[in-house]
Ligand SMILES: [Zn+2]
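Residue numbers (my numbering): 509 to 613.
(1) Could you tell me the boundaries of the alpha helix (DSSP H) in which residue 582 lies?
(2) Helix, strand or coil: which one does DSSP assign to residue 526?
(3) Is any heavy atom in ligand 1 found nearer than 8 Å to the beta carbon of residue 515?
(4) In whole angstroms, give me the CA-to-CA distance for residue 567 and residue 577.
(5) Per DSSP, which residues does residue 601 bridge with? Please list them.
(6) Report the residue from 570, 543, 521 whose alpha carbon sits nearest the alpha carbon of residue 599.
(7) Would you kindly work out how many angstroms separate the C-alpha atoms of residue 612 and residue 580, rounded to a whole number?
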């Protein structure tokens, strides 16, 4: 059960630990897609790829997706991490007023 916000007593709070996991996954996904898109559709690469076997393009896309995924996951993780209040206990973020607080179990 989620605790009420310590500032505005709203019940609309989310667990920041869960949000961080979701943010990491979403960031990795977005980063991967961006990497694939950039490597497959960048004009410079298309000129080179047109004279080569397309597999090289796919390989480039896979590498770009992996790199983008790691970078995206790190960015997503860091973004959520910056919301974490200092201290111990379970971190919560109020959706009503944006207040981040911890509840010691
Ligand atoms: Zn609040």
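Positions of the beta carbon are idealized from the N, C-alpha and C atoms, including for glycine.
To lay it out plainly:
(1) Per DSSP, residue 582 belongs to the alpha helix (DSSP H) from 563-589.
(2) Here residue 526 sits in helix by DSSP.
(3) Yes.
(4) Approximately 15 Å between the Cα atoms of the pair.
(5) In the DSSP output, where bridge partners are listed per residue, residue 601 has 522, 608.
(6) Ranking 570, 543, 521 by Cα distance to residue 599 puts 521 first.
(7) Cα-Cα distance, rounded: 31 Å.
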